[in-house]
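> Residue numbers (the working numbering), protein chains in the order written: chain A, 1 to 55; chain B, 56 to 291. This is the structure, below, for whatever I ask next.
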């Protein structure tokens with residue numbers, strides 16, 4: 001017996017502590033790597049794009 | 056993610072285990088061990104037919120489990136529901152189908168009880184706060200959001216539209232589930248995730264993304280269609 005399982009519909013993203021705590025290494029390509037807050041913003045923007053626009 | 060040589064090695068281990076238990080009297084294959092074996096196969100997404108059959112047979116005789124075993128069995132059964140390769144097998148294996156029918160709901164309830172007790176790590180709190188600060192006004196971030204279908208507690212959930220506390224998100228809510236993986240989610244001195252995190256990510260991605268694949272959902276009458284509920288603060 002089979003049937004289609006209704007889609008939960010959500011998207012899953014994961015934030016690794018490697019990226020969260022060491023943005024200078026992990027995010028050098030997307031920010032200057034020197035500012036923790038801007039690096040974390042870049043990380044979240046990258047994770048959530050394009051479905052959830054960030055200011 | 057496992058490297059190919061590691062995966063091959065672990066799959067061989069599962070195969071060896073399957074061969075070892077194939078002729079084992081069911082009375083000597085303890086149900087707690089059967090659950091652990093089934094969980095390991097689910098993490099690796101490697102399911103030798105003989106092993107699954109043996110596990111189901113063992114559980115059909117003795118399914119008296121501690122909560123740990125019941126939670127492992129839940130994750131294995133969840134793979135049975137979400138893994139397309141297992142669908143045909145479950146249909147042709149009465150013992151596995153019976154296990155799914157009889158144990159899925161109590162195992163889900165056991166798993167969900169633990170999810171409701173989940174606590175937030177400092178990193179999780181920081182990510183949640185950062186999301187709140189950066190998302191557009193009116194956005195909602197729900198911490199420890201319990202997915203009613205899988206029983207998992209999602210670290211931070213951003214619903215498509217704000218939800219009243221304790222209410223269910225509509226099926227198909229196109230929100231974003233954010234999983235926060237601190238150091239204890241990884242193997243020591245490694246960027247490799249632990250098995251329990253691998254399987255959680257896998258299940259959530261499949262539960263969130265499945266649209267048209269035929270499933271065994273009809274075998275689970277007590278399970279509601281995929282939906283999400285916010286954490287009820289009054290729940291134990």
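Glycine is no exception: its CB is placed at the ideal position from the N, C-alpha and C atoms.
Do the CB positions of residue 119(B) and residue 86(B) come within less than 8 Å of each other?
yes
> Are any of the Cβ atoms in chain A nearer than 8 Å to that of residue 232(B)?
yes
> Check residue 212(B) in the structure and name its three-state DSSP category.
strand
> Compare the Cα-Cα distances from residue 232(B) to each of 202(B), 247(B), 254(B) and report the closest residue.
202(B)
> What span of residues does the beta strand (DSSP E) with residue 198(B) cover, start to end?
197-202
> For my contact list, residue 170(B) and residue 207(B) are in at a C-beta cut-off of 8 Å; report their separation, rounded to the angstrom.
6 Å
> Could you tell me whether the region 129-146 of chain B touches the region 98-107 of chain B, using the rule of 3 or more Cβ pairs below 8 Å?
yes
> When the cut-off is 8 Å and only beta carbons count, does residue 14(A) lie next to chain B?
yes
> Quick one: which chain A residues come within Cβ less than 9 Å of residue 187(B)?
Under a criterion of Cβ atoms nearer than 9 Å, no residue of chain A is adjacent to residue 187(B); the nearest Cβ is some 11 Å distant.
> Is there a Cβ of chain B sitting closer than 8 Å to that of residue 38(A), yes or no?
no
> Determine the direct distance from the alpha carbon of residue 230(B) to that of residue 250(B), and round the result to whole angstroms.
25 Å
> Run through chain A and tell me which residues come within less than 7 Å of residue 149(B), C-beta to C-beta.
The contacting residues do not exist; residue 149(B) stays about 12 Å from chain A at best.
> Threshold first: 4 residues or longer. Then list the alpha helix (DSSP H) segments lying entirely within the region 135-195 of chain B, N to C.
Entirely contained in the region 135-195 of chain B, the alpha helix (DSSP H) runs reaching 4 residues are, in chain order, 139-147, 149-171, 177-189.
> How is the beta strand (DSSP E) around residue 234(B) delimited, first residue to last?
231-236
> Bridge partners for residue 248(B) per DSSP, in chain order?
241(B)
> Skipping 5 residues on each side, what residues in its chain have a beta carbon closer than 7 Å to that of residue 187(B)?
196
> Which same chain residues, not among the five before or five after residue 20(A), have their C-beta less than 8 Å away from its C-beta?
40, 43
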